[in-house]
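Visitor: The opening residue of the sequence shown carries number 22 in the numbering used here; numbering runs sequentially from there.
Cβ atoms here follow ideal geometry from the backbone N, Cα and C, with glycine treated the same way.
Dropping a structure here in C-alpha coordinates format, bear with me for questions.
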Amino acid sequence: MAPGDRVRHAGHVQFGDLLLGPSTPYGWESLTGWEDSPGLDSGTVPRSDAHGAYAGRLLAQVRTITLDGVAIRSEPGAMGAAVRTLSTATALRDDELPLVIQLDDSPPLLCWARCIRRAVPVVAGGYAIGLVTGAALQWEATDPRRYSVIEQQVEARLPAAEPGLDWQVTPGPERLLYPMAFGAPGSTGSLIGVNEGDAPSHPVITIRGPVSLPSVTNLATGEAIEYDIDLALDDELVIDTRDGTVTLNRTAARLYTATARSVPEALFTLNPGKTSLLFRASPGTTDPRASCSIRWRSAHW
(Lines of atoms letter the chains of each structure in order from A; the text may use other names.)
(Lines give C-alpha, C1' and ligand atoms only; values in the text may rest on other atoms or scores of the structure.)
Protein backbone atom coordinates (compact mmCIF):
# COMPACT_ATOMS: atom_id res chain seq x y z
CA MET A 22 0.00 0.00 0.00
CA ALA A 23 1.46 3.33 -1.06
CA PRO A 24 0.58 6.36 1.10
CA GLY A 25 -2.39 8.20 -0.38
CA ASP A 26 -3.00 5.64 -3.13
CA ARG A 27 -6.78 6.23 -2.93
CA VAL A 28 -6.69 10.03 -2.75
CA ARG A 29 -8.18 11.47 -5.93
CA HIS A 30 -10.12 14.65 -5.15
CA ALA A 31 -10.10 17.76 -3.02
CA GLY A 32 -11.48 16.87 0.40
CA HIS A 33 -10.12 13.34 0.45
CA VAL A 34 -8.57 12.14 3.71
CA GLN A 35 -6.88 8.73 3.72
CA PHE A 36 -5.74 7.05 6.94
CA GLY A 37 -4.13 3.72 6.17
CA ASP A 38 -6.66 2.05 3.86
CA LEU A 39 -9.62 4.14 5.07
CA LEU A 40 -10.78 6.89 2.72
CA LEU A 41 -13.03 9.74 3.88
CA GLY A 42 -14.51 12.61 1.91
CA PRO A 43 -16.28 12.93 -1.44
CA SER A 44 -17.79 9.75 -2.92
CA THR A 45 -17.30 7.82 0.34
CA PRO A 46 -19.72 7.00 3.18
CA TYR A 47 -17.81 9.44 5.40
CA GLY A 48 -18.16 13.18 4.82
CA TRP A 49 -16.66 15.89 7.01
CA GLU A 50 -17.06 19.61 7.66
CA SER A 51 -13.92 21.02 9.29
CA LEU A 52 -10.27 20.18 9.84
CA THR A 53 -8.08 21.69 12.57
CA GLY A 54 -4.41 21.24 13.31
CA TRP A 55 -3.41 20.55 9.71
CA GLU A 56 -2.55 24.03 8.47
CA ASP A 57 -1.81 25.29 12.00
CA SER A 58 1.75 25.50 13.27
CA PRO A 59 2.45 22.83 15.88
CA GLY A 60 3.09 23.69 19.50
CA LEU A 61 6.64 24.66 20.41
CA ASP A 62 9.15 23.88 23.13
CA SER A 63 11.27 27.00 23.56
CA GLY A 64 14.83 27.00 24.82
CA THR A 65 14.72 30.78 25.39
CA VAL A 66 15.88 31.78 28.90
CA PRO A 67 15.56 35.20 30.60
CA ARG A 68 18.65 37.40 30.90
CA SER A 69 19.75 37.66 34.50
CA ASP A 70 21.35 41.10 34.18
CA ALA A 71 19.39 42.85 31.43
CA HIS A 72 16.02 43.19 29.80
CA GLY A 73 14.82 40.43 27.55
CA ALA A 74 16.11 36.92 27.11
CA TYR A 75 18.66 34.74 25.36
CA ALA A 76 17.11 33.18 22.25
CA GLY A 77 17.08 29.40 22.40
CA ARG A 78 16.09 26.69 19.96
CA LEU A 79 12.45 26.25 19.02
CA LEU A 80 11.49 22.58 18.77
CA ALA A 81 8.09 21.56 17.42
CA GLN A 82 5.83 19.36 19.51
CA VAL A 83 3.54 16.62 18.21
CA ARG A 84 0.87 17.65 15.73
CA THR A 85 -2.77 17.01 16.70
CA ILE A 86 -5.22 16.82 13.77
CA THR A 87 -8.98 16.84 14.30
CA LEU A 88 -11.70 16.09 11.75
CA ASP A 89 -15.04 17.47 12.95
CA GLY A 90 -18.55 17.25 11.62
CA VAL A 91 -18.08 13.75 10.24
CA ALA A 92 -21.29 12.41 8.71
CA ILE A 93 -21.71 8.70 8.06
CA ARG A 94 -24.19 7.61 5.39
CA SER A 95 -25.31 4.12 4.48
CA GLU A 96 -28.24 2.17 3.16
CA PRO A 97 -31.06 1.92 5.71
CA GLY A 98 -30.19 -0.80 8.19
CA ALA A 99 -26.51 -0.97 7.11
CA MET A 100 -25.18 1.75 9.41
CA GLY A 101 -23.72 -0.77 11.85
CA ALA A 102 -21.40 -2.14 9.17
CA ALA A 103 -20.24 1.36 8.14
CA VAL A 104 -19.50 2.29 11.76
CA ARG A 105 -17.63 -0.97 12.36
CA THR A 106 -15.47 -0.30 9.27
CA LEU A 107 -14.63 3.12 10.67
CA SER A 108 -13.94 1.68 14.13
CA THR A 109 -11.64 -1.03 12.81
CA ALA A 110 -9.64 1.44 10.67
CA THR A 111 -9.19 3.86 13.59
CA ALA A 112 -8.58 1.31 16.37
CA LEU A 113 -5.92 1.95 19.00
CA ARG A 114 -2.46 0.84 17.85
CA ASP A 115 1.19 1.27 18.79
CA ASP A 116 2.52 2.13 15.33
CA GLU A 117 1.68 5.09 13.10
CA LEU A 118 -0.03 4.87 9.72
CA PRO A 119 0.17 7.30 6.80
CA LEU A 120 -2.40 10.11 6.97
CA VAL A 121 -2.78 11.85 3.59
CA ILE A 122 -4.94 14.94 3.11
CA GLN A 123 -5.78 16.83 -0.08
CA LEU A 124 -7.58 20.14 0.45
CA ASP A 125 -7.74 21.51 -3.12
CA ASP A 126 -6.05 21.03 -6.47
CA SER A 127 -2.61 21.29 -4.88
CA PRO A 128 -0.75 18.01 -4.28
CA PRO A 129 -1.75 16.20 -1.07
CA LEU A 130 0.51 16.15 1.98
CA LEU A 131 1.41 13.24 4.22
CA CYS A 132 2.21 12.63 7.86
CA TRP A 133 2.36 9.50 10.01
CA ALA A 134 -0.12 9.39 12.86
CA ARG A 135 -2.28 7.33 15.21
CA CYS A 136 -5.97 7.85 15.85
CA ILE A 137 -6.31 8.83 19.51
CA ARG A 138 -10.02 9.72 19.58
CA ARG A 139 -13.12 8.57 17.78
CA ALA A 140 -16.56 9.94 18.65
CA VAL A 141 -19.65 8.50 16.95
CA PRO A 142 -22.94 9.69 18.46
CA VAL A 143 -25.82 7.25 18.51
CA VAL A 144 -29.12 9.04 17.86
CA ALA A 145 -32.50 7.34 17.87
CA GLY A 146 -33.49 6.60 14.29
CA GLY A 147 -30.09 7.40 12.79
CA TYR A 148 -29.11 3.77 12.29
CA ALA A 149 -32.49 2.95 10.85
CA ILE A 150 -32.44 5.65 8.16
CA GLY A 151 -28.69 5.31 7.46
CA LEU A 152 -27.45 8.71 8.68
CA VAL A 153 -25.23 9.60 11.64
CA THR A 154 -23.96 13.17 12.01
CA GLY A 155 -21.66 14.97 14.42
CA ALA A 156 -18.96 12.29 14.56
CA ALA A 157 -15.29 13.27 15.00
CA LEU A 158 -11.82 11.78 14.58
CA GLN A 159 -8.55 12.95 16.10
CA TRP A 160 -4.99 11.92 15.24
CA GLU A 161 -1.60 12.55 16.84
CA ALA A 162 1.56 12.70 14.71
CA THR A 163 4.81 12.34 16.66
CA ASP A 164 6.66 13.94 13.74
CA PRO A 165 4.83 17.27 13.29
CA ARG A 166 6.12 17.84 9.77
CA ARG A 167 4.00 17.20 6.70
CA TYR A 168 5.64 15.63 3.67
CA SER A 169 5.16 15.38 -0.05
CA VAL A 170 3.63 12.03 -1.00
CA ILE A 171 6.22 11.49 -3.74
CA GLU A 172 9.57 10.28 -2.43
CA GLN A 173 12.70 11.47 -4.25
CA GLN A 174 15.97 9.58 -4.69
CA VAL A 175 19.46 10.28 -6.04
CA GLU A 176 22.45 7.96 -6.35
CA ALA A 177 26.19 8.37 -6.92
CA ARG A 178 29.29 6.23 -7.28
CA LEU A 179 32.70 6.86 -5.79
CA PRO A 180 34.82 9.40 -7.68
CA ALA A 181 36.46 7.93 -10.77
CA ALA A 182 38.54 9.58 -13.48
CA GLU A 183 37.34 9.62 -17.07
CA PRO A 184 39.25 7.14 -19.27
CA GLY A 185 39.74 9.82 -21.94
CA LEU A 186 41.08 9.30 -25.44
CA ASP A 187 43.72 6.66 -26.14
CA TRP A 188 46.52 8.57 -27.90
CA GLN A 189 48.71 5.48 -28.26
CA VAL A 190 47.86 5.05 -31.93
CA THR A 191 49.83 4.85 -35.10
CA PRO A 192 50.58 8.40 -36.37
CA GLY A 193 48.62 9.57 -39.35
CA PRO A 194 45.36 11.39 -39.97
CA GLU A 195 43.77 8.21 -41.20
CA ARG A 196 43.65 6.97 -37.57
CA LEU A 197 41.72 10.00 -36.24
CA LEU A 198 38.11 9.24 -37.01
CA TYR A 199 35.35 11.65 -36.04
CA PRO A 200 33.35 11.70 -33.90
CA MET A 201 36.06 10.47 -31.54
CA ALA A 202 35.07 8.40 -28.48
CA PHE A 203 36.52 9.86 -25.28
CA GLY A 204 35.23 7.01 -23.11
CA ALA A 205 32.45 6.83 -20.55
CA PRO A 206 32.13 9.86 -18.23
CA GLY A 207 33.78 9.54 -14.85
CA SER A 208 31.95 9.74 -11.52
CA THR A 209 32.35 12.69 -9.16
CA GLY A 210 30.65 11.20 -6.11
CA SER A 211 28.37 14.25 -5.97
CA LEU A 212 24.69 14.17 -5.03
CA ILE A 213 22.13 16.98 -4.99
CA GLY A 214 19.00 16.83 -2.86
CA VAL A 215 16.21 19.37 -3.37
CA ASN A 216 13.80 19.90 -0.49
CA GLU A 217 10.88 21.90 -1.89
CA GLY A 218 9.28 22.45 1.51
CA ASP A 219 9.95 24.89 4.35
CA ALA A 220 11.09 22.41 7.02
CA PRO A 221 14.26 20.28 7.28
CA SER A 222 13.86 16.73 5.96
CA HIS A 223 15.63 13.65 7.35
CA PRO A 224 16.94 11.47 4.52
CA VAL A 225 17.50 7.73 4.48
CA ILE A 226 21.00 6.99 3.18
CA THR A 227 21.96 3.60 1.74
CA ILE A 228 25.63 2.73 1.10
CA ARG A 229 26.51 -0.40 -0.84
CA GLY A 230 29.93 -2.05 -1.02
CA PRO A 231 32.60 -2.84 -1.73
CA VAL A 232 33.81 0.20 0.21
CA SER A 233 35.81 1.09 3.33
CA LEU A 234 35.28 4.07 5.66
CA PRO A 235 32.28 5.44 3.71
CA SER A 236 31.16 9.01 4.38
CA VAL A 237 28.62 11.57 3.14
CA THR A 238 29.41 15.27 3.57
CA ASN A 239 27.16 18.32 3.33
CA LEU A 240 29.20 20.82 1.33
CA ALA A 241 27.34 23.87 2.65
CA THR A 242 27.76 23.11 6.35
CA GLY A 243 30.73 20.75 6.38
CA GLU A 244 28.74 18.28 8.47
CA ALA A 245 29.45 14.64 7.69
CA ILE A 246 28.43 11.15 8.67
CA GLU A 247 31.25 8.60 8.45
CA TYR A 248 31.55 4.97 9.49
CA ASP A 249 34.64 2.90 10.25
CA ILE A 250 33.40 -0.21 8.52
CA ASP A 251 34.37 -2.42 5.57
CA LEU A 252 31.45 -3.33 3.30
CA ALA A 253 31.74 -6.32 0.99
CA LEU A 254 30.18 -6.44 -2.46
CA ASP A 255 26.72 -7.53 -1.29
CA ASP A 256 26.70 -5.53 1.96
CA GLU A 257 24.27 -2.67 2.50
CA LEU A 258 24.51 -0.05 5.23
CA VAL A 259 21.29 1.90 5.85
CA ILE A 260 21.36 5.15 7.84
CA ASP A 261 17.94 6.42 8.92
CA THR A 262 18.65 9.96 10.08
CA ARG A 263 15.11 10.42 11.46
CA ASP A 264 15.31 7.39 13.77
CA GLY A 265 19.07 7.76 14.30
CA THR A 266 19.77 4.14 13.33
CA VAL A 267 22.58 2.54 11.34
CA THR A 268 21.83 -1.01 10.15
CA LEU A 269 23.94 -3.51 8.24
CA ASN A 270 22.05 -5.82 5.89
CA ARG A 271 18.71 -4.94 7.54
CA THR A 272 19.49 -6.77 10.79
CA ALA A 273 22.73 -5.80 12.55
CA ALA A 274 23.07 -2.46 14.36
CA ARG A 275 26.27 -0.62 13.42
CA LEU A 276 25.74 2.78 15.06
CA TYR A 277 28.92 2.24 17.07
CA THR A 278 31.03 2.38 13.88
CA ALA A 279 30.45 6.15 13.55
CA THR A 280 33.78 7.99 13.65
CA ALA A 281 34.67 11.04 15.73
CA ARG A 282 34.23 13.12 12.56
CA SER A 283 30.61 12.06 12.24
CA VAL A 284 27.78 14.26 13.53
CA PRO A 285 24.79 12.65 15.28
CA GLU A 286 22.57 11.13 12.61
CA ALA A 287 19.52 13.14 13.72
CA LEU A 288 21.37 16.38 12.93
CA PHE A 289 22.12 15.37 9.32
CA THR A 290 19.19 16.90 7.43
CA LEU A 291 18.31 18.36 4.05
CA ASN A 292 17.37 21.98 4.67
CA PRO A 293 14.81 23.73 2.45
CA GLY A 294 16.27 24.37 -0.99
CA LYS A 295 19.16 22.60 -2.69
CA THR A 296 21.77 20.62 -0.74
CA SER A 297 25.04 19.46 -2.34
CA LEU A 298 26.54 16.29 -0.88
CA LEU A 299 29.71 14.27 -1.47
CA PHE A 300 30.09 10.49 -1.22
CA ARG A 301 33.63 9.51 -0.23
CA ALA A 302 35.58 6.58 1.20
CA SER A 303 39.07 5.74 2.51
CA PRO A 304 42.00 6.94 0.33
CA GLY A 305 42.54 4.66 -2.62
CA THR A 306 39.02 3.21 -2.55
CA THR A 307 37.65 3.62 -6.08
CA ASP A 308 35.68 0.45 -6.77
CA PRO A 309 33.00 1.49 -9.30
CA ARG A 310 30.52 -0.97 -7.81
CA ALA A 311 30.29 0.97 -4.55
CA SER A 312 27.36 3.38 -4.40
CA CYS A 313 25.41 5.75 -2.19
CA SER A 314 21.71 6.49 -2.60
CA ILE A 315 19.66 9.06 -0.69
CA ARG A 316 15.87 9.00 -0.31
CA TRP A 317 13.78 11.85 1.11
CA ARG A 318 10.49 13.70 0.95
CA SER A 319 10.11 17.46 0.84
CA ALA A 320 9.01 18.57 4.31
CA HIS A 321 6.53 21.30 5.31
CA TRP A 322 5.54 22.86 8.60
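For the alpha helix (DSSP H) containing residue 170, name the first residue and the last one.
Guide: Taking the sequence shown and counting its residues from 1, the one referred to as residue 170 is at position 149. Segment: none, residue 170 is in no alpha helix (DSSP H) and carries neither H nor E.
Visitor: Start and end of the alpha helix (DSSP H) containing residue 141?
Guide: Residue numbering aside, residue 141 sits at position 120 when the sequence shown is read from its first letter. That residue, residue 141, is in no alpha helix (DSSP H); it is neither H nor E in DSSP.
Visitor: Span of the beta strand (DSSP E) holding residue 155?
Guide: In the sequence shown, the residue the question calls residue 155 occupies position 134. Element bounds for residue 155: 152-162.
Visitor: What is the residue span of the alpha helix (DSSP H) that residue 102 lies within?
Guide: Within the sequence shown, the letter at position 81 stands for residue 102. 100-110 is the extent of the alpha helix (DSSP H) around residue 102.
Visitor: Is the closest heavy atom of the ligand COA to the C-beta of residue 89 under 7 Å?
Guide: Although the ligand COA was asked about, the structure shown includes no ligands whatsoever.
Visitor: How about residue 238 and residue 288: are their beta carbons less than 8 Å apart?
Guide: The sequence position of residue 238 within the sequence shown is 217, counting from 1. The sequence position of residue 288 within the sequence shown is 267, counting from 1. Contact: no.
Visitor: Quick check on residue 220: does DSSP put it in helix, strand or coil?
Guide: On the sequence shown, residue 220 is found 199 positions in, with the first residue counted as 1. Note: residue 220 maps to strand in three-state DSSP.
Visitor: Might you give, ordered along the chain, the residues of its own chain that have their beta carbon closer than 8 Å to the beta carbon of residue 116, omitting 5 neighbours on each side?
Guide: Numbered from 1 along the sequence shown, position 95 holds the residue referred to as residue 116. Only 135 meet the Cβ criterion.
Visitor: Buried or exposed: which applies to residue 283, given that a residue is buried once 16 or more other Cβ atoms fall within 10 Å of its Cβ?
Guide: Taking the sequence shown and counting its residues from 1, one reaches residue 283 at position 262. Buried, by the Cβ-count rule.
Visitor: Measuring alpha carbon to alpha carbon, tell me which residue in 317, 103, 98 and 250 is nearest residue 92.
Guide: The count along the sequence shown starts at 1 and reaches residue 92 at position 71. Here the closest residue by C-alpha is 103.
Visitor: Work out the CA separation of residue 233 and residue 307 for me, nearest whole Å.
Guide: Residue numbering aside, residue 307 sits at position 286 when the sequence shown is read from its first letter. Residue numbering aside, residue 233 sits at position 212 when the sequence shown is read from its first letter. So the two alpha carbons sit approximately 10 Å from each other.
Visitor: In chain order, what residues of the same chain lie with their CB nearer than 8 Å to the CB of residue 147, ignoring the 5 residues before and after it?
Guide: Translated into the one-based positions of the sequence shown, residue 147 becomes position 126. Closer than 8 Å at Cβ, skipping near neighbours: 100, 153 and 154.
Visitor: Consult DSSP for residue 149 and reduce its assignment to one of helix, strand or coil.
Guide: Within the sequence shown, the letter at position 128 stands for residue 149. In the structure shown, residue 149 sits in a helix (DSSP, three-state: H, G or I).
Visitor: Could you give the distance in angstroms between the alpha-carbon of residue 107 and the alpha-carbon of residue 223?
Guide: Counting from 1 along the sequence shown, the entry for residue 107 is found at position 86. Counting from 1 along the sequence shown, the entry for residue 223 is found at position 202. So the two alpha carbons sit approximately 32 Å from each other.
Visitor: If you count every other CB in all the chains shown that lies within 10 Å of the CB of residue 271, and 16 or more means buried, which is it?
Guide: Position 250 of the sequence shown, counted from the first residue, corresponds to residue 271. Classification for residue 271: exposed.
Visitor: Please name the residue in 261, 64, 264 and 291 whose C-alpha comes closest to that of residue 215.
Guide: Residue mapping note: residue 215 aligns to position 194 of the sequence shown, counting from 1. Among 261, 64, 264 and 291, the Cα nearest to that of residue 215 belongs to 291.
Visitor: Can you give the Cα-Cα distance for residue 164 and residue 133, rounded to whole angstroms?
Guide: By one-based count along the sequence shown, residue 164 stands at place 143. By one-based count along the sequence shown, residue 133 stands at place 112. One C-alpha to the other measures close to 7 Å.
Visitor: Classify residue 159: buried if its beta carbon has 16 or more other beta carbons within 10 angstroms, exposed otherwise.
Guide: The count along the sequence shown starts at 1 and reaches residue 159 at position 138. Burial call: buried.
Visitor: Counting along the chain, where does the beta strand (DSSP E) carrying residue 127 start and finish?
Guide: By one-based count along the sequence shown, residue 127 stands at place 106. First-last for residue 127: undefined, no H or E at that position.
Visitor: Look at residue 58 and residue 322 and say whether their C-beta atoms are less than 8 Å apart.
Guide: Translated into positions along the sequence shown, residue 58 becomes position 37. Translated into positions along the sequence shown, residue 322 becomes position 301. Yes.
Visitor: For residue 30, count the other beta carbons within 10 Å of its own beta carbon; 16 or more makes it buried, fewer makes it exposed. Which is it?
Guide: Start at 1 with the first residue of the sequence shown, and residue 30 comes out as number 9. Residue 30 is exposed by the Cβ-count criterion.
Visitor: Among 97, 243 and 88, which has the Cα closest to the Cα of residue 139?
Guide: Mapped onto the sequence shown, residue 139 falls at position 118. Looking at the Cα atoms, 88 is the closest of the given residues.
Visitor: Within 10 Å of its beta-carbon, does residue 312 have 16 or more other beta-carbons around it, so buried, or fewer, so exposed?
Guide: Counting from one through the sequence shown, the residue named residue 312 turns up at place 291. With 16 or more Cβ atoms within 10 Å of its Cβ, residue 312 is classed as buried.
Visitor: Whole angstroms are fine: how far does the CA of residue 75 sit from the CA of residue 296?
Guide: Along the sequence shown, one-based indexing puts residue 296 at 275. Along the sequence shown, one-based indexing puts residue 75 at 54. Approximately 30 Å, taken between the alpha carbons.
Visitor: Determine the burial state of residue 33: buried for a count of at least 16 other Cβ atoms within 10 Å of its Cβ, exposed for fewer.
Guide: Position 12 of the sequence shown, counted from the first residue, corresponds to residue 33. Looking at its Cβ environment, which holds 16 or more other Cβ atoms inside 10 Å, residue 33 is buried.
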